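One point on numbering: in the UniProt record's numbering, the residue at position 70 of the sequence shown is 70, and numbering is uninterrupted.
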Amino acid sequence: MDKFKLLEDKYEQHFKIPFPTRIIGFWDPLSDSAEYIESKGFDKMKSAVDNAISKNEPIEEIPKDVWENIIF
1 MDKFKLLEDK YEQHFKIPFP TRIIGFWDPL SDSAEYIESK GFDKMKSAVD
51 NAISKNEPIE EIPKDVWENI IF
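This is the structure in structure tokens:
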């Protein structure tokens, strides 16, 4: 199992809800290399998950209507 899935599982076990999918913040769109994602991207995700769990506040998901109007 990869380290990203383990973080998602940790989050889901704590909050008893699925890991949010409509979020922005872990990846820099200008740095999409595998090395960046595996290091800095993972570190940002881990920090966000650990912070959410320590504060017992789920990561806020972008509302669906807003998400559908974001141009990527």
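Ideal placement from N, C-alpha and C gives every residue a C-beta, glycine not left out. None of these values were measured; they are calculated from a predicted model.
Please report the distance separating the alpha-carbon of residue i from that of residue j.
i   : j   : result
Q13 : I59 : 14 Å
F4  : R22 : 16 Å
S39 : I71 : 26 Å
State the CB to CB distance for the pair residue i and residue j, rounded to an integer number of angstroms; the pair is presumed to be in contact (CB under 8 Å).
i   : j   : result
A48 : G25 : 7 Å
L7  : K44 : At roughly 11 Å, the Cβ-Cβ gap does not stay under 8 Å, so L7 and K44 are not in contact.
I37 : W27 : 6 Å
Can you tell me where the alpha helix (DSSP H) with residue i in it begins and where it stops?
i  : result
K3 : K3 to F15
Anyone know if the C-beta pair for residue i and residue j falls short of 8 Å?
i   : j   : result
P29 : E61 : no
Q) Which parts of the stretch 25-67 are runs of the alpha helix (DSSP H), unbroken and 4 residues or longer, counting only runs that do not cross its ends? A) 42-55 and 64-67
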